[in-house]
Structure formats: structure tokens, C-alpha cells
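Participant: Residue numbers (this note's numbering): 2 to 309.
Glycine is no exception: its CB is placed at the ideal position from the N, C-alpha and C atoms.
Below: one structure in C-alpha cells.
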Ligand SMILES: Nc1ncnc2c1ncn2[C@@H]1O[C@H](COP(=O)(O)OP(=O)(O)OP(=O)(O)O)[C@@H](O)[C@H]1O
Ligand SMILES: [Mg+2]
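What follows is the structure, given as C-alpha cells:
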């Protein structure tokens with residue numbers, strides 16, 4: 002009798018206990034699911050809480066897209082003698098993103114790109130490109146690099162130059178021919194195919210340089226001021242092309258001083274004196290600084306950095 006009574010008394014306590022356990026378990030499972038199917042907001046939240054970005058980015062976001070990091074640097078430093086050109090840079094660029102690196106002359110943008118392209122050895126910190134720690138030449142065939150200073154063989158014709166680049170990347174003759182035709186049409190230089198590179202104008206040399214960087218259909222493109230000296234009409238169509246590449250899953254890291262171009266990037270990183278002082282999509286950066294132009298937004302972030 003007393004045993005039955007005791008059981009009756011214990012029953013509600015047991016029920017409450019079961020309820021607490023279920024809620025706790027449910028919440029844990031929910032958080033776990035959230036962490037494996039991350040929403041963009043949750044990603045930001047976790048990052049702000051100081052969780053490791055690399056861990057977070059290899060997870061999938063809720064839209065089913067893979068936030069796969071293609072470039073990832075951690076406290077990356079480049080010194081020239083006593084001068085620090087790149088200062089503890091943490092940068093992540095995910096697959097299919099057009100990331101614009103912006104900043105004044107001497108901010109360190111080209112130096113970052115040169116390290117990521119295996120052309121300069123970092124002083125300290127580390128950088129991973131396509132999963133390989135730089136410098137690592139094995140990624141070269143998957144990378145397209147258009148340098149800021151056009152470094153073309155002036156004594157070759159446009160056709161010879163493109164053939165030369167195609168061969169460097171081991172493309173078969175037929176593929177080179179096809180790509181050359183396609184790319185010369187794209188940069189509007191078909192008429193100049195048999196002209197010596199030396200005889201082209203500055204803007205045209207830039208266009209050839211871009212075509213050479215694209216010949217092997219790289220999955221990752223580094224474009225260092227690709228539209229300098231290019232006329233506005235072509236500049237516009239180049240950006241349409243970059244967006245089309247992005248749709249195919251190509252990742253682009255680009256530098257520019259044109260703010261209308263910067264607005265077409267998925268994400269922007271503002272650099273100043275070797276440091277990344279702000280990052281976000283163009284709209285976010287304007288909203289954060291309550292400004293109408295990215296120039297003003299940059300000035301605002303610079304001011305905050307000097308006088309926090
Ligand atoms: N090989 C080098 N030796 C010494 N200093 C260098 C070297 N390369 C770059 N620097 C210095 O590092 C700093 C960053 O240069 P970098 O070319 O990366 O700037 P940037 O942001 O690309 O500028 P810009 O917008 O003019 O292209 C500059 O002060 C530059 O003088
Ligand atoms: Mg530069």
C-alpha cells in the first residue's frame with residue numbers, strides 16, 4: 002500500500018525529470034544540426050564568438066551551398082627588411098566568391114596576391130590556397146594570375162603568346178586553338194591576333210594579359226587591377242564575364258581602385274598599411290558606416306582604426 006503511495010508521489014517527479022532530459026537533448030540535437038547546416042547568420046554569430054573560422058567554413062550552410070574555403074590565411078606577415086608590407090592578415094575566400102581587396106597605394110594588396118600565387122615567401126603566419134600551404138607549386142595549374150604590371154613577351158605576336166601560355170599549362174593543340182579563339186573574341190582583340198605585342202596600346206596589352214591568365218580555365222583567379230587602362234565599355238563586359246565565371250564556380254580575388262567595380266564584388270576587404278581593417282559585402286559596409294560611397298566607407302573605417 003505504502004509502496005503504491007510512494008510510486009504515486011514519485012510519478013510526477015519522474016515525469017518532470019523526463020521532460021527536462023528531453024528538452025536538453027532536443028536543444029543539443031538542434032544546436033548540432035545548426036552547426037552542420039550553418040546559416041550565414043549563425044556563421045557570423047559563431048565567428049564573432051571567436052570560434053575557429055576554418056572549422057565553421059567546412060560545414061555546409063542551410064541553403065545547401067558549400068562554404069568551402071579556397072583561400073585562407075592566418076596571421077600572414079610579409080616584411081621587406083624592417084618594413085612590414087602585410088601585417089597579421091586573416092583572410093578567407095570561399096568557393097565561387099568574387100572577393101575584392103581594396104585599399105590605397107602601398108596598402109599591401111599586390112604583396113598578398115604574390116604570396117598566394119607562390120611568388121613571395123611569407124615572413125610568418127600561414128596561408129592555404131586550394132588546400133595547400135603556400136608556397137606550393139603543385140597548385141599552379143589551377144591558378145590564373147594576371148599581374149598588375151603586364152609582363153608579356155613583347156617580341157611575340159598575340160597568337161604566339163597565347164600558344165606559349167597554353168603549352169606551359171600542358172593544353173593540347175586543339176584546346177589551345179579553341180580557347181584562343183574564344184578569349185580573343187572576349188577581349189575584342191581578334192583583329193590583332195598576328196600583331197606583335199610590342200605594337201599594342203597599354204589597354205590592349207592588359208587585355209592580352211587577362212586572356213593569357215584565363216587560357217587554362219583556372220578554378221581560382223587572381224586579378225591585380227585587371228581593368229586599369231581598359232575603356233569603360235569593355236570594363237563593363239569584363240565584369241559580366243567575371244560574374245559568369247563565378248556562376249561556374251570559379252573563385253576570384255581581385256584588386257581595383259574603381260568603386261563601381263568594387264560594388265560588384267560579393268565581398269570586400271579594406272586594407273590599410275598591410276592590415277585588413279574591415280570586411281563585408283558592399284551593402285553591409287555602407288550600412289555599417291552610414292555612408293553612400295565605398296570611398297567614404299573606407300575613410301570612416303580608417304578613421305575608426307586611428308581613433309577607435
Ligand atoms: N620587393 C619589394 N621590396 C621592398 N618593398 C616592397 C617590395 N614589394 C612591395 N614593397 C612595398 O610594400 C608595400 C606594399 O606594396 P604593394 O605593391 O603590395 O601595395 P598595393 O596595395 O598593391 O599598392 P598599389 O595600389 O599601388 O598597387 C609598399 O610600401 C611597397 O613599397
Ligand atoms: Mg598593387
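#1: Which complete alpha helix (DSSP H) runs does the segment 61–122 hold, if anything under 4 residues is left out?
#2: At which residue ranges does the segment 124–181 contain complete alpha helix (DSSP H) runs of 4 or more residues, listed in the order of the chain?
#3: Below 8 angstroms CB to CB, which residues in the same chain sit around residue 184 once its five sequence neighbours on both sides are set aside?
#4: Please work out which residues of its chain come closer than 7 angstroms, Cβ to Cβ, to residue 228, disregarding the five sequence neighbours upstream and downstream, and give them in chain order.
#5: Ligand 2 heavy atoms versus the CB of residue 262: any closer than 8 angstroms?
#6: If you reduce the DSSP assignment to three classes, tell me which class residue 201 lands in.
#7: Would you say residue 112 touches ligand 1, meaning its beta carbon is less than 8 angstroms from a heavy atom?
#8: Determine, using beta carbons only, whether residue 122 and residue 136 come nearer to each other than 9 angstroms.
#9: Is there at least one non-hydrogen atom of ligand 1 closer than 8 angstroms to the beta-carbon of residue 309?
#10: Are the Cβ atoms of residue 267 and residue 247 separated by less than 9 angstroms?
#11: Comparing alpha-carbon positions, which option in 271, 116, 243 lies nearest residue 81?
#12: Would you say the segment 141–160 touches the segment 283–295, given that touching needs at least three Cβ pairs under 8 angstroms?
#13: Check residue 267 in the structure and name its three-state DSSP category.
#14: On the criterion of 16 or more Cβ atoms from any shown chain inside 10 Å, does residue 182 qualify as buried, or is it exposed?
#15: Between the C-alpha atoms of residue 89 and residue 193, what's the straight-line distance to the nearest angstrom?
#16: If residue 124 sits next to residue 79, beta carbons under 8 angstroms apart, how far is it from one beta carbon to the other, in whole angstroms?
#17: Excluding sequence positions up to five away, which residues of its chain have a Cβ less than 6 angstroms from the Cβ of residue 299?
#18: In terms of residues, what are the limits of the beta strand (DSSP E) holding residue 307?
Facilitator: In this structure, then:
#1: 110–117
#2: 159–169
#3: 163, 212, 215, 216
#4: 236, 239, 257, 259, 262
#5: no
#6: coil
#7: yes
#8: yes
#9: no
#10: yes
#11: 116
#12: no
#13: coil
#14: exposed
#15: 44 angstroms
#16: 5 angstroms
#17: 271
#18: Here residue 307 belongs to no beta strand (DSSP E); instead the alpha helix (DSSP H) covers 295–307.
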